[in-house]
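Structure record follows, encoded as structure tokens.
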Amino acid sequence: MHEHRSSNLTGLLLPLADRNLILPNVAVAELIDYQPGAFDLDTPPWYLGRVTWRERQIPLLSFEAACGNKVVIGERARIVILNALGGRPELKFIALLVQGIPRSYKLDSQLSYVDVPLCSLEKAAVQVGEQVAKVPDLLALEELLVNAGLV
């Protein structure tokens with residue numbers, strides 16, 4: 001990898017109801033229209049059922065609810081399909097509810113970190129343009145699903 005390549009990452013800013021998340025471009029497989037997932041009522045509040053994508057059933061999560069806030073499904077709701085990083089054969093993708101179209105940002109390697117309270121699923125907060133964005137812990141999201149017996 002060349003020096004000058006490594007300093008510029010493209011990040012995607014995902015708008016949620018109460019915060020923005022930032023992820024590297026490569027973490028996101030696709031953006032799809034919102035579709036209600038099929039689920040049972042005895043599942044955790046952050047679990048919004050399974051959505052169908054490329055003939056797979058993908059678990060749909062509300063990040064806000066996983067951090068203890070309420071689920072919001074706004075009129076601009078979309079779903080991003082994330083590449084699962086944990087290497088579990090039964091969990092290749094996770095679907096995350098977002099409130100609008102993710103925007104692409106060029107990030108340099110010198111991200112400016114912001115000292116704000118984080119939920120247990122957030123690794124850090126960084127300044128992206130005018131706003132603060134949280135870096136989600138995707139492995140922790142996978143653990144949530146596994147521990148809840150949803151995988």
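In terms of full-length UniProt numbering, the sequence shown opens at residue 1 and continues consecutively. Ideal Cβ positions, reconstructed from N, Cα and C, are used throughout, including at glycine.
Contact set for residue i: own chain, Cβ-Cβ below 8 Å, skip 5 residues either direction
i    : result
Y34  : I73, A77, R78, I79, L97
L121 : F63, A66, C67, P136, D137, A140, L141, L144
E30  : W53, V80, I81
Exposure of residue i, with buried meaning 16 or more beta-carbon neighbours within 10 Å
i    : result
G68  : exposed
P89  : exposed
R19  : buried
K106 : exposed
Q110 : exposed
V51  : buried
Cβ neighbours of residue i in the same chain (closer than 6 Å, five flanking residues each side left out)
i    : result
L23  : L12
F39  : G49
A17  : E64, V72, Q99
V151 : E90, L91, L145
C119 : C67
K123 : V135, D137
Check whether residue i and residue j have beta carbons under 8 Å apart
i    : j    : result
W53  : I32  : yes
S112 : Q127 : yes
I58  : I101 : no
G37  : L60  : yes
A125 : K134 : yes
N-terminal and C-terminal residue of the beta strand (DSSP E) that residue i is part of
i    : result
L61  : 56-61
N147 : First-last for N147: 138-147, but that is the alpha helix (DSSP H), not the beta strand (DSSP E).
F93  : 93-99
W46  : First-last for W46: undefined, no H or E at that position.
I79  : 77-83
N20  : 20-24
L107 : 103-108
Cα-Cα separation between residue i and residue j, rounded to whole angstroms
i    : j    : result
K92  : A84  : 5 Å
D108 : L9   : 6 Å
N25  : L14  : 11 Å
R56  : P117 : 36 Å
D42  : G129 : 40 Å
V146 : P44  : 12 Å
L103 : A27  : One point to set straight first is that residue 103 is Arg, not Leu, in the sequence displayed. In a straight line, the C-alpha of R103 is about 14 Å away from that of A27.
Contacting residues, own chain, Cβ-Cβ under 7 Å from residue i (five flanking each side not counted)
i           : result
residue 169 : Past the edges of the chain, shown from 1 to 151, lies residue 169, and the structure says nothing about it.
Interface flag, residue i vs chain C, CB-CB below 8 Å
i   : result
G37 : The structure shown contains no chain C; it holds only a single protein chain.
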